[in-house]
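Engineer: I'd like to ask some things about the structure below.
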Amino acid sequence: MDQHISYGDDYKYIPAVSINSGVGVEVLPDLYCHTIQIVNICLVGKPETDFVLVDAGMPKSADKIITVTEDRFGANSRPKAIILTHGHFDHVGAIVELIDYWEVPVYAHRLELPFLTGKMSYPESDPSVEGGLIAKMSSMFPNEPVDLGNRIKALPDDGSLPGMFGWRWLHTPGHAPGHVSLFREADRSLIAGDAFVTVKQESLYKVMVQDKEIHGPPRYFTTDWEAAKESVQKLAALKPAVAVTGHGEPIYNEELFNGLEKLASEFDRVAVPDYGRYVNRKH
Ligand SMILES: [Zn+2]
Ligand SMILES: [Zn+2]
């Protein structure tokens, strides 16, 4: 018997857009990235093979995600599984409808499960954090947990990813306690979630025009900056050749390498905000 699954009580459509909203990019033959308003979803797998959906978009985007999926994989196609990098509202916005429609398993890190089973709310976003207009409007962002009941499972302890052969997950906490990034050693492809992003996500202007530059995790939701720094350093050490992040455009080779090195080595100065509720600067 399936349990009833539901969104948090503060679930709602968020009127935020970027010029890339509705745009899809084939990053690799088996890695497709599509922007839902201001957040990215990934479809991993070649057309006409098994595939997986990574993250579940903004609130009220289920129809769009199903259309994007069927455009790429064919009518009535469905992923083998949905993998969540973390459970923030902009990464689980369509999850309830998608589970109901596709009837596929969903996986997230064990430490993220309280936020995905209705047990624990995320800390409220911090509209006072240094950054810009998106940071200021973040007070309207939902933080109450979805309840996916027994439809969500913990990722396998051995680092493997169901339905994603050759990929493994790495625990990259800081932005969220159970945040994971996905890495494929063979071609050094990285799906980084919000561990770092390629747009200054706090700034409405930069989000709208998607001005590409590597940044630390979105500030209004990041609560543990020490862990966030260690996570970025862990990802930089992988020397990825291509990265898709939760927000912003895909980034490749030199631009990725240089940007990530700089972010890792100067994290305290460039990523950690000068002020904000979750900042505890040790000067
Ligand atoms: Zn997030
Ligand atoms: Zn996000």
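Our numbering applies: residue 248 is where the sequence shown begins, and numbers increase by one. Cβ coordinates follow ideal geometry from the N, Cα and C atoms, glycine included.
Is any non-hydrogen atom of ligand 1 found closer than 6 Å to the C-beta of HIS335, if you look at the structure I gave you?
Structural biologist: As a working note, residue 335 is residue 88 in the sequence shown. Yes, since a heavy atom of ligand 1 falls inside the 6 Å radius drawn around the Cβ of HIS335.
Engineer: Under the criterion of a Cβ to heavy atom distance below 6 Å, does ASP310 qualify as lining ligand 2?
Structural biologist: Counted from its first residue, the sequence shown places residue 310 at position 63. For ligand 2, not one heavy atom lies less than 6 Å from the Cβ of ASP310.
Engineer: Does DSSP put ASP394 in a helix, a strand or coil?
Structural biologist: On the sequence shown, position 147 is the one that residue 394 refers to. ASP394 falls in the strand class under three-state DSSP.
Engineer: Is it the case that the stretch 423-439 contacts the stretch 351-363, given that we only count it when at least three CB pairs across the two stretches are under 8 Å?
Structural biologist: In short, these stretches touch, since the Cβ pair count reaches three.
Engineer: Can you tell which of PRO389, THR445 and TRP472 has the C-alpha that lies nearest to the C-alpha of LYS459?
Structural biologist: Taking the sequence shown and counting its residues from 1, one reaches residue 459 at position 212. The residue with the shortest Cα to Cα distance from LYS459 is THR445.
Engineer: Comparing the CB of PHE468 with every heavy atom of ligand 1, is any distance shorter than 6 Å?
Structural biologist: As a position in the sequence shown, residue 468 is number 221, starting the count at 1. At least one heavy atom of ligand 1 is nearer than 6 Å to the Cβ of PHE468, so yes.
Engineer: At a cut-off of 6 Å, is GLY493 close to ligand 2 when judged by its beta-carbon and the heavy atoms of the ligand?
Structural biologist: Here residue 493 is taken as the residue at index 246 of the sequence shown, counted from 1. At least one heavy atom of ligand 2 is nearer than 6 Å to the Cβ of GLY493, so yes.
Engineer: For SER368, which residues in the same chain have their Cβ closer than 8 Å to its Cβ, ignoring the five residues on either side in sequence?
Structural biologist: As a first step, residue 368 is located in the sequence shown; it is residue number 121 there, counting from the start. GLY255, PHE362, ASN390, GLU391 and PRO392.
Engineer: Measure how close the beta-carbons of TYR525 and ASP404 come, nearest whole angstrom, since I'm counting them as under 8 Å.
Structural biologist: In the sequence shown, residue 525 corresponds to position 278, counting from 1. In the sequence shown, residue 404 corresponds to position 157, counting from 1. That belief does not hold up - the Cβ atoms of TYR525 and ASP404 are roughly 29 Å apart, past 8 Å.
Engineer: Are HIS338 and ASP394 touching if we call contact CB-CB under 7 Å?
Structural biologist: In the sequence shown, residue 338 corresponds to position 91, counting from 1. In the sequence shown, residue 394 corresponds to position 147, counting from 1. Result no, Cβ atoms of HIS338 and ASP394 do not sit closer than 7 Å.
Engineer: List the endpoints of the continuous alpha helix (DSSP H) containing ILE312.
Structural biologist: Your numbering for residue 312 matches position 65 in the sequence shown. Run containing ILE312: 309-320, per the alpha helix (DSSP H) assignment.
Engineer: Considering only residues of the same chain and omitting the five flanking positions on each side of MET248, which have a CB-CB separation below 7 Å?
Structural biologist: Working through the sequence shown from its first residue, we reach residue 248 at position 1. In this predicted model, MET248 has a pLDDT of only 49, less than 50, meaning its place in the structure is not dependable enough to derive any value.
Engineer: Return yes when at least one heavy atom of ligand 2 lies under 6 Å from the C-beta of ASP471, else no.
Structural biologist: Position 224 of the sequence shown, counted from the first residue, corresponds to residue 471. Checking the Cβ of ASP471 against ligand 2 gives no.
Engineer: Taking just the CA atoms, how far does GLY334 sit from ILE252?
Structural biologist: Taking the first residue of the sequence shown as 1, we reach residue 252 at position 5. Taking the first residue of the sequence shown as 1, we reach residue 334 at position 87. So the alpha carbons of these two residues sit roughly 15 Å apart.
Engineer: Is ASP233 near ligand 1, going by C-beta to nearest heavy atom under 6 Å?
Structural biologist: The structure shown does not extend to residue 233, since the chain is modelled only from 248 to 530, so the question has no answer here.
Engineer: What does the alpha-carbon distance come out to for the pair ILE346 and VAL299?
Structural biologist: Mapped onto the sequence shown, residue 346 falls at position 99. Mapped onto the sequence shown, residue 299 falls at position 52. One C-alpha to the other measures close to 13 Å.
Engineer: Tell me the residue span of the beta strand (DSSP E) that contains LEU437.
Structural biologist: By one-based count along the sequence shown, residue 437 stands at place 190. Where LEU437 is concerned, the enclosing beta strand (DSSP E) stretches over 436-440.
Engineer: Note down, in chain order, each residue of its chain lying with its Cβ closer than 7 Å to the Cβ of TRP414, except the 5 sequence neighbours on either side.
Structural biologist: On the sequence shown, position 167 is the one that residue 414 refers to. Answer for TRP414: LEU408, LEU429, PHE430 and ARG431, listed in chain order.
Engineer: Enumerate in chain order the residues of its own chain whose CB-to-CB distance from LEU451 is below 7 Å, with the five nearest sequence positions on each side excluded.
Structural biologist: Here residue 451 refers to the residue found at position 204 of the sequence shown. Closer than 7 Å at Cβ, skipping near neighbours: GLY379, LEU380 and ILE381.
Engineer: Are the CB atoms of GLY421 and ALA474 nearer to each other than 7 Å?
Structural biologist: In the sequence shown, the residue the question calls residue 421 occupies position 174. In the sequence shown, the residue the question calls residue 474 occupies position 227. For GLY421 and ALA474, yes; Cβs fall inside 7 Å.
Engineer: May I ask you to report which of helix, strand or coil DSSP gives LYS447?
Structural biologist: Against the sequence shown, residue 447 aligns to sequence position 200. Here LYS447 sits in coil by DSSP.
Engineer: Name the residue from GLU513, GLY304, LYS311 and ALA322 whose alpha carbon lies nearest to the alpha carbon of ILE329.
Structural biologist: Stepping through the sequence shown from its first residue, residue 329 is reached at position 82. Nearest C-alpha to ILE329: GLY304.
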